[in-house]
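Take 2 as the starting number for the sequence shown in this note's numbering and just add one per residue. Where is the CB? At the ideal position from N, CA and C, for every residue including glycine.
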Amino acid sequence: MKIRFLEAASVNIRNGNVVTSERWRAIFESLGHQVENFSADGGQPCDLLVVFNAYTNRQAIRDARKSGVAGRIVICLTGTDLYRDLQEDPAAQDVLYLADQLVVLQPMGIPALPAALHGKTMVVFQSAVAPRVVVSRPEDTFDVCGIAHLRSVKDPLRTARAARLLPPESRLRVVHVGKALSAEYGEAVIREVAENPRFHWLGEQSAERTAEILLGSRLLVVTSLLEGGANVVSEAIVSGVPVIGTDIPCLRGLLGDNYPGLFPVGDTGRLADLLYRAEVDSRFYDQLQSRCRREAYKFDPKREKDSLKILLERMFSD
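Here you go:
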């Protein structure tokens with residue numbers, strides 16, 4: 002089978018959608034399919050068109066369906082699709098009805114869609130493999146990390162600001178990995194580093210170095226306003242690093258109901274309370290770790306591969 006991928010254009014940015022797309026491509030190739038890129042210009046027939054980011058690629062989806070260049074179309078919905086763009090522009094939801102199958106990356110994505118689409122929507126969890134390296138954690142600091150490019154939807158300086166509220170005896174240090182995607186954030190992060198001794202910004206790092214930073218941290222902190230799925234959460238959980246994050250549908254879908262490490266979006270004080278509690282209260286930290294360990298089965302690579310096999314079967318059963 003010939004499978005082509007269409008993604009939102011990114012300016013030399015390796016983000017979560019790119020990581021997921023690369024993993025899916027490898028899975029489809031391992032299943033014996035031919036995988037290539039799809040150009041929005043069209044003229045490239047394929048059995049299956051896989052689209053990441055419905056809103057950005059909405060016209061290309063319409064054109065592909067009208068021309069018949071793709072035998073089947075599946076759309077993997079991103080966080081901005083589910084929780085922002087398609088809600089703010091309902092007319093663009095027509096592309097969802099043009100797809101043969103929709104994919105969300107955690108179960109709380111389904112309620113964000115019109116009820117008429119639930120029947121053709123499938124959950125595919127993003128898998129991860131724990132790095133085969135040993136990283137020692139510093140004893141004199143309680144390191145927590147953030148891993149996200151610096152843009153508004155990630156609210157990337159929230160953890161640094163929460164760290165400012167901690168008492169002097171706290172050993173917490175915030176380490177952030179991610180590229181500043183605007184001059185505004187570039188200036189803001191440099192200012193935060195200069196003013197906040199608890200905050201360390203490392204910029205963009207390789208996947209290998211990022212994994213080492215994650216393993217060397219006591220917590221992963223996710224401060225996003227919205228997410229469709231979160232590869233970094235999968236990576237943290239399989240690496241044994243518990244998560245503190247915003248109380249958004251994605252994280253509830255990944256971490257389970259009543260997860261104790263969630264805080265309201267933008268609530269710096271509540272985040273500071275959770276960070277300090279995790280540092281000084283070993284029972285609370287162990288509870289976070291236990292709850293994350295309980296969810297690790299979702300992110301097994303075999304589970305993701307089996308899910309994509311089922312996805313193909315659903316679309317080509319006739």
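Whole-angstrom C-beta distance between residue j and residue i, which should lie under 8 Å
{"i": "V242", "j": "L203", "result": "Wrong, their Cβ atoms sit about 17 Å apart, outside the cutoff."}
{"i": "K310", "j": "L32", "result": "7 Å"}
{"i": "T228", "j": "C251", "result": "Residue 228 is actually Glu in this sequence, not Thr. Correct: roughly 4 Å between the Cβ atoms."}
{"i": "R5", "j": "F39", "result": "4 Å"}
{"i": "C47", "j": "G72", "result": "7 Å"}
{"i": "E213", "j": "V134", "result": "6 Å"}
{"i": "Y186", "j": "L151", "result": "4 Å"}
{"i": "V75", "j": "V104", "result": "6 Å"}
{"i": "L289", "j": "A279", "result": "6 Å"}
{"i": "L83", "j": "G120", "result": "The Cβ separation is near 17 Å, so there is no contact."}
{"i": "E209", "j": "I28", "result": "Rounded, the Cβ-Cβ distance is 21 Å, inconsistent with contact."}
For residue i, three-class secondary structure by DSSP
{"i": "L78", "result": "coil"}
{"i": "I249", "result": "coil"}
{"i": "Q102", "result": "strand"}
{"i": "G120", "result": "helix"}
{"i": "F29", "result": "helix"}
{"i": "N232", "result": "helix"}
{"i": "F264", "result": "strand"}
{"i": "A297", "result": "helix"}
{"i": "V52", "result": "strand"}
{"i": "V12", "result": "With a pLDDT of 47 at V12, under the threshold of 50, the modelled position of this residue cannot be trusted, and the question is left open."}
{"i": "R59", "result": "helix"}
{"i": "V20", "result": "helix"}
{"i": "K306", "result": "helix"}
{"i": "G187", "result": "helix"}
{"i": "F317", "result": "coil"}
{"i": "R133", "result": "coil"}
{"i": "L167", "result": "coil"}
{"i": "L276", "result": "helix"}
{"i": "F285", "result": "helix"}
{"i": "M109", "result": "helix"}
{"i": "R66", "result": "helix"}
{"i": "S225", "result": "coil"}
{"i": "D90", "result": "coil"}
{"i": "V125", "result": "coil"}
Bridge partner(s) assigned by DSSP for residue i
{"i": "V178", "result": "I148 and G204"}
{"i": "Q35", "result": "K3"}
{"i": "A71", "result": "C47"}
{"i": "L220", "result": "V145"}
{"i": "L173", "result": "F143"}
{"i": "V242", "result": "V242 pairs with nothing; no bridge assigned."}
8 Å Cβ cutoff met for residue i and residue j
{"i": "T142", "j": "R162", "result": "no"}
{"i": "G230", "j": "Q127", "result": "yes"}
{"i": "L256", "j": "R292", "result": "yes"}
{"i": "G217", "j": "V175", "result": "no"}
{"i": "L221", "j": "T247", "result": "no"}
{"i": "V190", "j": "L158", "result": "yes"}
{"i": "L50", "j": "L7", "result": "yes"}
{"i": "R63", "j": "L114", "result": "no"}
{"i": "D156", "j": "T224", "result": "yes"}
{"i": "M123", "j": "Q102", "result": "yes"}
{"i": "V281", "j": "R219", "result": "no"}
{"i": "A129", "j": "N232", "result": "yes"}
Residue i Cβ short of 7 Å to the ligand NAD heavy atom set
{"i": "I214", "result": "Looking at this structure, you won't find the ligand NAD or any other ligand, since it has none at all."}
Inset, instruction - Tell me, please, whether the stretch 186-206 touches the stretch 242-252 by the rule of three or more beta-carbon pairs shorter than 8 Å. - result: no
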